[in-house]
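Engineer: Numbering (this note's numbering), first residue to last: 10 to 332.
Cβ coordinates follow ideal geometry from the N, Cα and C atoms, glycine included.
Mind having a look at this structure? Questions to follow.
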Amino acid sequence: MTRRAVITGVGHYLPERVVENAEFEASLETSDEWIRSRSGIERRHFAAEGETTSDLATHAAKAALADAGCEANDIDAIVLATSTADLTFPSAATMVQAALGMTRGFAFDVQAVCAGFVFALSNANALILSGQAKRVLVIGAETFSRIMDWSDRSTCVLFGDGAGAVVLEAQEGQGDSDDRGILSTDLNSDGRYKDLLYVDGGVSTQNTGFLRMQGNQVFRHAVEKLASTANTALDRAGLTAPEVDWIVPHQANIRIIQGTAKKMGLSMDKVVVTVQDHGNTSAASIPLALSIGKQRGQIKRGDLIVAEAIGGGLAWGSVVLRW
């Protein structure tokens with residue numbers, strides 16, 4: 010028998026405020042058509058004043074726990090992926106731990122920007138495989154609206170706020186690719202590409218800063234690196250692209266999503282797409298898409314899923330799992 014980390018619950022949360030593309034027309038030289046044609050985005054959600062990343066994460070966590078039939082104190086650890094934590098410290102994960110009434114175990118944040126959830130899921134998988142935890146709550150949550158330069162039309166129209174979460178639980182498998190749970194992971198980073206996507210501020214610079222991006226360069230790296238990491242993870246699991254039921258990609262840009270699917274030789278009919286309704290929610294986008302994909306009836310028990318993402322760093326990676 011082989012220990013596997015199986016997703017037993019999933020949930021998400023989106024702030025109430027919905028921002029349609031047309032709202033940007035009053036303050037920027039842009040239009041709904043311009044935004045849709047370049048990104049596929051039609052609308053996004055923005056957090057309310059005073060609504061923090063840990064607030065969003067807590068809502069998503071409660072939904073995932075309910076879906077799994079778990080209580081907070083059934084959880085051994087929380088791993089929260091975010092680049093927009095409430096405070097410099099403590100971690101947003103510990104704030105979620107307190108908000109859930111979880112009085113045992115441990116909690117910590119992971120920061121790999123848009124690839125954060127893949128990195129968090131991989132770390133949670135390792136905690137379970139090593140025996141350090143039986144159940145891990147893995148969350149991706151962001152309030153990117155707080156780091157936007159509202160005069161920069163090339164970035165501010167692309168991002169939104171939200172959160173998604175999964176409950177990951179240790180179960181026994183046969184040790185082959187038919188097992189439910191995480192079958193393989195692949196993580197990568199290359200700091201030489203920092204200037205392609207970054208925030209020009211931080212604690213040690215004593216300046217909050219805004220998100221900056223060289224969109225064309227990010228696009229060029231994204232398609233190649235996403236297809237490569239997905240195929241690497243599939244190979245590690247002893248699987249091939251035609252066996253995949255669903256790609257659940259980071260929801261950054263419909264053209265990146267389409268380009269990656271094409272490079273993997275897969276139809277868009279096998280891709281869960283939510284970017285049109287949420288924009289780029291960074292580390293939240295994959296768990297959001299998993300939750301919505303399940304709600305839509307797309308993702309079903311036994312489906313083979315590849316989740317892949319790329320973000321600032323550059324950092325990129327993928328997870329192959331069976332639902």
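Between T283 and L167, what straight-line distance do the alpha-carbon atoms span, to the nearest angstrom?
Structural biologist: Cα to Cα, the separation comes out at about 13 Å.
Engineer: For the 8 Å Cβ check, are there 3 or more pairs between the segment 62-77 and the segment 99-116?
Structural biologist: Yes, the segment 62-77 is in contact with the segment 99-116.
Engineer: Based on the DSSP secondary-structure assignment, which residues constitute the bridge partners of E317?
Structural biologist: Beta-bridge pairing links E317 to P258, S327.
Engineer: Can you tell me whether L96 is buried or exposed, with buried defined as 16 or more other CB within 10 angstroms of its CB?
Structural biologist: With fewer than 16 Cβ atoms within 10 Å of its Cβ, L96 is classed as exposed.
Engineer: In whole angstroms, give me the CA-to-CA distance for Q226 and W255.
Structural biologist: Looking at the two C-alpha atoms, the distance is approximately 27 Å.
Engineer: Taking the Cβ atom as the reference point for each residue, do G190 and H287 lie within a distance shorter than 8 Å?
Structural biologist: Result no, Cβ atoms of G190 and H287 do not sit closer than 8 Å.
Engineer: Which residue spans inside the segment 41-82 form an unbroken beta strand (DSSP E) run of at least 3?
Structural biologist: Listed in chain order, they are 52-55.
Engineer: On the CB-based measure, 16 or more other CB atoms within 10 Å of its CB, does F98 come out buried or exposed?
Structural biologist: Per the 10 Å Cβ criterion, exposed.
Engineer: Beta carbon of S237, beta carbon of S92: below 8 Å?
Structural biologist: No, the pair does not count as a contact, with Cβ atoms beyond the cut-off.
Engineer: Measuring CB atoms only, is the segment 244-259 touching the segment 211-226, in the sense that at least three cross pairs come out at less than 8 Å?
Structural biologist: No, the segment 244-259 does not touch the segment 211-226.
Engineer: Where does E38 sit, in a helix, a strand or coil, going by DSSP?
Structural biologist: E38: coil per DSSP, three-state reduction.
Engineer: Tell me the rounded alpha-carbon separation between D244 and I16.
Structural biologist: Those two C-alpha atoms are separated by around 21 Å.
Engineer: Would you call the CB atoms of I84 and G114 closer than 8 Å?
Structural biologist: In this structure, G114 lies closer than 8 Å to I84 by Cβ.
Engineer: To the nearest angstrom, report how far apart E181 and V281 are at their CA atoms.
Structural biologist: Approximately 28 Å between the Cα atoms of the pair.
Engineer: With a 10 Å radius around its C-beta and 16 neighbouring C-beta atoms as the bar for buried, classify P24 as buried or exposed.
Structural biologist: With 16 or more Cβ atoms within 10 Å of its Cβ, P24 is classed as buried.
Engineer: R104 lies in the alpha helix (DSSP H); which residues open and close that run?
Structural biologist: Just to set this straight, residue 104 is Met in the shown sequence, not Arg. Unbroken alpha helix (DSSP H) run through M104: 101-109.
Engineer: Looking at the strands, I want to know which residues DSSP matches up with Y22.
Structural biologist: According to DSSP, Y22 bridges with A172.
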